[in-house]
Amino acid sequence: MGIKNLRGYIQRQNVTKKYRLQDTKLVIDGKNLCHELMETSYTGTKYGGNYDVFSDHVEKFFNSLRNCNVQPYVVMDGAHDSDDKKFDCLLERCKKRISNISNDSKKCFPILSHRCFTYTIKKLGIPIEACNYEADHEIASLAKSWKCPVLSNDNDFYIYDLPGGFIRLNDLNFNRRTKTECFTYIDTSIYYSENIHESLGISPSVLPLLVVFLDNDYYKLDKAIIKQFVSKELKISAKKAELKLKKPIDVMIEILRPFADTNEGIDALSRCLDNHIAFLSNEEKCQIIYNAKVILKQFTLENVTETENNNLFNSEEKIAGTPVIPFPSWLIQSIRNCEISPFIINVLDKRVLLKPNLEDLTQEFIYEIASPIRQIIYKMATGKKLQEVVVEHHRENCHMVQTRILPITSNLKLGKIPSLNMMQGSEEEVRLSCLANIFLFPLEKLVMIPKVSRMFILAINYLAKNSGLKESTKGIKCLLFCHMLLLSKAYGHIYDLPVDSACVDKVFEYCADDHRVPFDTALLHEFQKLQIVIDILYDLNGLFMFPLEIPNPNVMYKSGLMYPLFTKTDNEKHLDRIIETCLEKESPLRITYSEILKLLLENLK
10 MGIKNLRGYI QRQNVTKKYR LQDTKLVIDG KNLCHELMET SYTGTKYGGN YDVFSDHVEK
70 FFNSLRNCNV QPYVVMDGAH DSDDKKFDCL LERCKKRISN ISNDSKKCFP ILSHRCFTYT
130 IKKLGIPIEA CNYEADHEIA SLAKSWKCPV LSNDNDFYIY DLPGGFIRLN DLNFNRRTKT
190 ECFTYIDTSI YYSENIHESL GISPSVLPLL VVFLDNDYYK LDKAIIKQFV SKELKISAKK
250 AELKLKKPID VMIEILRPFA DTNEGIDALS RCLDNHIAFL SNEEKCQIIY NAKVILKQFT
310 LENVTETENN NLFNSEEKIA GTPVIPFPSW LIQSIRNCEI SPFIINVLDK RVLLKPNLED
370 LTQEFIYEIA SPIRQIIYKM ATGKKLQEVV VEHHRENCHM VQTRILPITS NLKLGKIPSL
430 NMMQGSEEEV RLSCLANIFL FPLEKLVMIP KVSRMFILAI NYLAKNSGLK ESTKGIKCLL
490 FCHMLLLSKA YGHIYDLPVD SACVDKVFEY CADDHRVPFD TALLHEFQKL QIVIDILYDL
550 NGLFMFPLEI PNPNVMYKSG LMYPLFTKTD NEKHLDRIIE TCLEKESPLR ITYSEILKLL
610 LENLK
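With our numbering applied, the sequence shown covers 10 to 614.
Next comes the structure, spelled out in structure tokens:
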């Protein structure tokens, strides 16, 4: 929720306790951790995403927890809330991102980060699930029922009454891990609710009122209302109230201390609105009180027990607990299991936010390349509602705009768009054929390609047919060659794809970041389109019940390899020499590369 300045205020109260993290369950804010690990993977964000580096970083993090006998449970955010609580804030963040890009910022959150994060965690056998919407309340409920800590950097968890405590990610330093003959633990700090309440002199049931009166992502009271509220509650002049509000947290805690519960706070706000605020209608005043109660309900964890908490990590109950989403149970399960993006839920709400990324703002928005595929997804998600318009919020030049999109009912290659209910009764080959047709690749050629490479091949084939890559054999060779290298590194022992490691090391060294690699935003823009196509292919594959094998993004995209290799090779012949040096002529990897390249080029004629 992002309560402004709350973290700094609470940290100044010196309420932390020393804590040895070991022998416990740990509920983790997955989205928060994903961002933190990407930031601290150092080269993970370079040129749009180095997912092999990021994946290794994620593995190290969770292995460190395991060494301390910590059982992590990762909870991911779902779709954007349908009640508009945070949407304006998300739009503002998109606008800020555009502004940063226009000011030559090279920082971005790589497009496939969440895919790589969840894939790696599942590979490690760690429990991970996604909520339908924002996850904070479910994270807090789960931690309270298990009486274990929450791990996050989100300020909201200072507000929740968590008996097991709250550990900030920034306080988790694996360099302070201690190992003895008997046990291993991580020295860190923890926030307990009782310590926060004691330090602030405020009861646990009243603390959530801070969310009502302080700026946050969901809810902002008009400053004139807050000033009047402070004036009347403290019985001071409006001018003195304005001076006190220069330290808003201090003054609000001063006001809230005498209250016994949130009801008293809401009653006080209601009196202020009724008696001292003339510029609002009665309807507007009622809406303010209603919104405040909705926000407070999010922080209510009363009577939560382990047996009652059925929403997460309970396979028998979780599907039955989501009747409000009119999807088949297999699709809800796939969203819960982080196999399909929760953006599908936003389609039901008829509003989709397409976030700007590192791209050339003078060119067409990178998401535009996948617009026809999104229309198919919209039709599959909305079913028979042929006139349901989905509003896309997206970048146009340097602005965020919205466009009304009508789901298509048929596709030239596919024919009538199949419904979700048709999927379970369809043969895998039929579903694979549908995907191949959508991505403009003949099924008879697709089945000749190793299963682990099919998703990537469909993506670059689609990109080539819908961008300038079709005219660049060098570009196609570069992307395919890099995929082969990444594939052999991750799956070579399974698919018998040996490669000379010394040669591979030379390629990676050749592509290593240095001053000779120019930052060409227009070129990077094209590479980013590939990530967009891969990303939506993950979801469409899921909607067709996974006829394609799902690989980790770290074998499909490494910008720190693909981008420099393309940039530093003078021409196609130069690239061919590197490929020939790295891949022995009769090696399985060279043969696979040559066969796939031939299929691709034939299909692009």
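Backbone N, C-alpha and C fix where the C-beta goes; we use that ideal spot for every residue, glycine too. Since this is a predicted model, take the numbers as computed values, not measurements.
message: I'd like to know if the stretch 208-219 and the stretch 262-279 are in contact, where contact means that at least 3 CB-CB pairs between them fall below 8 Å.
response: The answer is yes - the stretch 262-279 touches the stretch 208-219, with three or more Cβ pairs under 8 Å.
Checking 8 Å against the spacing of the C-beta atoms, do V400 and K454 come in under that value?
The sequence position of residue 400 within the sequence shown is 391, counting from 1. The sequence position of residue 454 within the sequence shown is 445, counting from 1. No; because the gap between Cβ atoms is not below 8 Å, this pair is not in contact.
- Please list, in chain order, all residues of the same chain as K40 whose beta carbon is under 8 Å from its beta carbon, the five residues on each side excluded. The residue you call residue 40 lines up with position 31 of the sequence shown. The answer, listed in chain order, is M85, D86, H123 and A144.
### Query
Which same chain residues, not among the five before or five after A247, have their C-beta less than 8 Å away from its C-beta?
Within the sequence shown, residue 247 is the residue found at index 238, counting from 1. Sequence-distant Cβ neighbours of A247 in its own chain, meaning closer than 8 Å and more than five residues away, are K236, Q237 and S240.
Q. Can we say the stretch 435-453 touches the stretch 482-500, given the rule of at least three CB pairs closer than 8 Å?
A. Cβ pair count under 8 Å is below three, so no.
task = Report, in whole angstroms, the separation of the C-beta atoms of V221 and L305, which I expect to be a contact under 8 Å.
result = By one-based count along the sequence shown, residue 221 stands at place 212. By one-based count along the sequence shown, residue 305 stands at place 296. Right, the Cβ-Cβ distance comes to about 7 Å (below 8 Å), so this counts as a contact.
(message) So T624 and I587 are supposed to be a Cβ contact under 8 Å. How far apart are they, rounded?
(response) There is no way to answer for residue 624, as the model of the chain reaches only from 10 to 614.
Ignore the nearest five residues each way along the sequence and tell me which others in T412's own chain have a CB closer than 8 Å to its CB. Locating residue 412 in the sequence shown gives position 403, counting from the first residue. Only V400, E401 and H403 meet the Cβ criterion.
Q. Cβ atoms of K538 and S462: under 8 Å apart, would you say?
A. Counting from 1 along the sequence shown, the entry for residue 462 is found at position 453. Counting from 1 along the sequence shown, the entry for residue 538 is found at position 529. Against a cut-off of 8 Å, the Cβ pair of K538 and S462 comes out as no contact.
| Of all the options E203, T33 and H66, which has the alpha carbon lying nearest to the alpha carbon of A152? | The residue you call residue 152 lines up with position 143 of the sequence shown. Proximity to A152 across E203, T33 and H66 peaks at T33, based on C-alpha coordinates.
Q | Distance CB(S198)-CB(Y18) smaller than 8 Å | A | One-based indexing of the sequence shown puts residue 198 at position 189. One-based indexing of the sequence shown puts residue 18 at position 9. Not a contact, by the Cβ cut-off of 8 Å.
Self-check item: Secondary structure of L42, DSSP reduced to three states
Solution: Residue 42 sits at position 33 when you count from the first residue of the sequence shown. Helix, per DSSP.
query = Is the number of C-beta pairs between the stretch 61-72 and the stretch 357-377 that are closer than 8 Å three or more?
reply = With the cut-off at 8 Å, the stretch 61-72 and the stretch 357-377 do not touch.
Please report the straight-line C-alpha distance between E595 and L489, rounded to a whole angstrom. For the purposes of this step, residue 595 is taken as residue 586 along the sequence shown, with counting starting at 1. For the purposes of this step, residue 489 is taken as residue 480 along the sequence shown, with counting starting at 1. Straight-line Cα distance between these residues: approximately 18 Å.
- Task: Using 10 angstroms around the beta-carbon of C347, count the other beta-carbons present and answer buried if the total reaches 16, otherwise exposed.
- Result: For the purposes of this step, residue 347 is identified with residue 338 of the sequence shown, where counting begins at 1. Around the beta carbon of C347, a 10 Å sphere encloses 16 or more other beta carbons of the protein chains shown; the residue is thus reported as buried.
| Rounded C-alpha distance that separates V159 from I286 | As a working note, residue 159 is residue 150 in the sequence shown. As a working note, residue 286 is residue 277 in the sequence shown. Between V159 and I286, the C-alpha separation is close to 40 Å.
Q.
Buried or exposed for Q433, going by 16 or more other Cβ atoms inside 10 Å?
A. To locate residue 433, count along the sequence shown from 1; it is residue 424. Around the C-beta of Q433, fewer than 16 other C-beta atoms lie within 10 Å, and the residue is accordingly described as exposed.
> Ends of the alpha helix (DSSP H) at H206?
Replying inline: What you label residue 206 is simply residue 197 of the sequence shown in a count that begins at 1. S202 to L209 is the span of the alpha helix (DSSP H), which, as asked, contains H206.
Practice item. Assuming N141 and I354 form a contact by the criterion Cβ under 8 Å, report the distance between their Cβ atoms to the nearest whole angstrom. Key: Along the sequence shown, one-based indexing puts residue 141 at 132. Along the sequence shown, one-based indexing puts residue 354 at 345. With 8 Å as the limit, N141 and I354 qualify as a contact, their Cβ atoms being about 6 Å apart.
Taking L30 as part of the beta strand (DSSP E), name the residues at either end of that continuous run.
Residue mapping note: residue 30 aligns to position 21 of the sequence shown, counting from 1. Annotation: the continuous beta strand (DSSP E) that includes L30 extends over K26 to L30.
request  = Counting only the same chain and skipping the five closest in sequence on each side, list residues whose C-beta sits under 6 Å from that of E558.
outcome  = By one-based count along the sequence shown, residue 558 stands at place 549. In its chain, beyond the 5 residues on either side, K460 and V461 have a beta carbon closer than 6 Å to the beta carbon of E558.
Q) L606 to M431, Cα distance in whole Å? A) By one-based count along the sequence shown, residue 606 stands at place 597. By one-based count along the sequence shown, residue 431 stands at place 422. Across the structure, L606 and M431 are spaced so that their CA atoms are roughly 34 Å apart.
Of the choices G134, N59 and F268, whose alpha-carbon is the least far from that of V216?
The sequence position of residue 216 within the sequence shown is 207, counting from 1. This sequence places Leu at residue 216; Val is not what is there. Checked all of G134, N59 and F268; the closest Cα to L216 is F268.
Q | Boundaries of the beta strand (DSSP E) in which A139 is found, first to last residue | A | As a working note, residue 139 is residue 130 in the sequence shown. Element bounds for A139: I137 to A139.
* **Beta-bridge pairing of I175 - partner residues as DSSP gives them** => Locating residue 175 in the sequence shown gives position 166, counting from the first residue. Looking at the sequence itself, residue 175 is Phe, so the reference to Ile does not match. Per DSSP, V159 and Y200.
_For P81, report the span of its beta strand (DSSP E) as first-last._
Here residue 81 refers to the residue found at position 72 of the sequence shown. Unbroken beta strand (DSSP E) run through P81: V79 to M85.
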